[in-house]
Amino acid sequence: MAATSTGDAGRIRVEGRASRWAPADFAEITFAVARRAKTSGEAVARAGEAYAALDAALAGHAEAIVRRTTTSLAVREVVRYDPKSGKAIREGFEASRGQTARFSPVAGGGAALRSVVVAVPDLVVQGPAFGLDPTNAVHAEVRAEAAAAARASAEAYARGLGLALGAVHRLREPRAGAGGAYDAAGGGGGATFRAMAKAAPEDGGEAVLVDLTDEDVEVVAVVELVIAIAG
Numbered sequence: 001m002a003a004t005s006t007g008d009a010g011r012i013r014v015e016g017r018a019s020r021w022a023p024a025d026f027a028e029i030t031f032a033v034a035r036r037a038k039t040s041g042e043a044v045a046r047a048g049e050a051y052a053a054l055d056a057a058l059a060g061h062a063e064a065i066v067r068r069t070t071t072s073l074a075v076r077e078v079v080r081y082d083p084k085s086g087k088a089i090r091e092g093f094e095a096s097r098g099q100t101a102r103f104s105p106v107a108g109g110g111a112a113l114r115s116v117v118v119a120v121p122d123l124v125v126q127g128p129a130f131g132l133d134p135t136n137a138v139h140a141e142v143r144a145e146a147a148a149a150a151r152a153s154a155e156a157y158a159r160g161l162g163l164a165l166g167a168v169h170r171l172r173e174p175r176a177g178a179g180g181a182y183d184a185a186g187g188g189g190g191a192t193f194r195a196m197a198k199a200a201p202e203d204g205g206e207a208v209l210v211d212l213t214d215e216d217v218e219v220v221a222v223v224e225l226v227i228a229i230a231g
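Residues in the sequence shown are numbered from 1 upward in steps of one, following the working numbering.
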């Protein structure tokens with residue numbers, strides 16, 4: 001917390017911060033399928049078949065998935081560079097489609113996630129990213145704590161000067177990206193892997209262990225308070 005001059009006599013500007021860790025309400029995971037073929041149309045068709053299998057697998061776990069959103073659809077030409085000839089060799093096209101699913105409650109999504117990975121071959125999985133519902137009471141509680149911290153800072157400065165606090169002139173959350181304001185960020189996230197389901201040990205494959213466990217999310221609030229002081 002800090003106090004600075006506001007350019008107006010009889011006012012003080014202070015900053016209040018508060019943070020708290022809270023159990024995540026949901027976990028978001030992005031799934032993607034990609035298929036290659038000689039023509040773009042064939043690649044799109046193959047990716048569409050794989051995406052339909054993904055969509056069906058996710059739809060079968062409506063009890064654990066509260067929201068699904070299509071996040072990507074792309075087609076690109078596959079080109080390989082030949083070092084001997086120095087030429088680019090066109091090998092076909094790759095089509096990809098992606099979908100993000102929100103699992104809630106988090107702990108109940110593990111079985112659904114594993115089922116989806118097994119159902120769709122060569123599935124690329126990214127996440128999880130944890131978050132809190134907008135209606136979670138912790139949002140208001142942390143904001144209130146930040147405001148109280150700002151008020152306590154102003155009171156301490158006023159007391160040190162032998163002055164009293166007056167009316168509040170401004171209370172705001174600084175813009176995010178300009179030193180932060182309000183944020184709710186969870187751990188994990190960002191991990192990407194290709195899930196190769198290998199059920200039989202004798203096939204020489206190594207199974208990918210995927211699961212969802214309860215995680216905490218850090219909620220941070222920063223407020224700026226401009227308040228009058230008087231003798």
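We treat Cβ as the ideally placed atom computed from N, Cα and C, and that holds for glycine.
Close-in-space but distant-in-sequence residues of the same chain around residue i (CB under 8 Å, 5 per side omitted)
| i | result |
| --- | --- |
| residue 43 | 35, 36, 37, 75, 92, 93, 94, 95 |
| residue 161 | 229 |
| residue 20 | 138, 141, 142, 145, 218, 219 |
Continuous beta strand (DSSP E) stretch holding residue i: start and end
| i | result |
| --- | --- |
| residue 225 | 216-230 |
| residue 165 | 164-172 |
| residue 30 | 26-37 |
| residue 131 | 123-131 |
| residue 14 | 11-23 |
For residue j and residue i, believed in contact at Cβ under 8 Å, the rounded distance
| i | j | result |
| --- | --- | --- |
| residue 131 | residue 217 | 6 Å |
| residue 120 | residue 50 | 6 Å |
| residue 211 | residue 113 | 7 Å |
| residue 172 | residue 223 | 7 Å |
| residue 164 | residue 156 | Contact flag wrong, Cβ pair sits at about 13 Å. |
| residue 225 | residue 168 | 7 Å |
| residue 138 | residue 125 | The Cβ separation is near 28 Å, so there is no contact. |
| residue 104 | residue 57 | The Cβ separation is near 18 Å, so there is no contact. |
| residue 106 | residue 24 | 6 Å |
Close-in-space but distant-in-sequence residues of the same chain around residue i (CB under 7 Å, 5 per side omitted)
| i | result |
| --- | --- |
| residue 47 | 33, 34, 35, 95, 96, 97 |
| residue 71 | 30, 98, 99, 100 |
| residue 18 | 142, 145, 146, 149, 221 |
| residue 102 | 26, 28, 65, 66, 67 |
| residue 108 | 64 |
| residue 90 | 77, 79 |
| residue 87 | none |
| residue 10 | 228, 229, 230 |
| residue 82 | 89 |
Delimiting residues of the alpha helix (DSSP H) encompassing residue i
| i | result |
| --- | --- |
| residue 61 | From DSSP, residue 61 is part of no alpha helix (DSSP H); its letter is neither H nor E. |
| residue 145 | 138-161 |
Cβ neighbours of residue i in the same chain (closer than 6 Å, five flanking residues each side left out)
| i | result |
| --- | --- |
| residue 166 | 228, 230 |
| residue 61 | 112 |
| residue 192 | Residue confidence for residue 192 is low, a pLDDT of 43 falling below 50, so the modelled location carries little weight; the figure read from the coordinates is stated next. The residues are 126. |
| residue 40 | 75, 93 |
| residue 45 | none |
Three Cβ pairs or more, each shorter than 8 Å: is that satisfied between the region 146-157 and the region 7-21? yes
With a floor of 4 residues, list each alpha helix (DSSP H) that falls wholly inside the region 60-114, ordered by position along the chain. none
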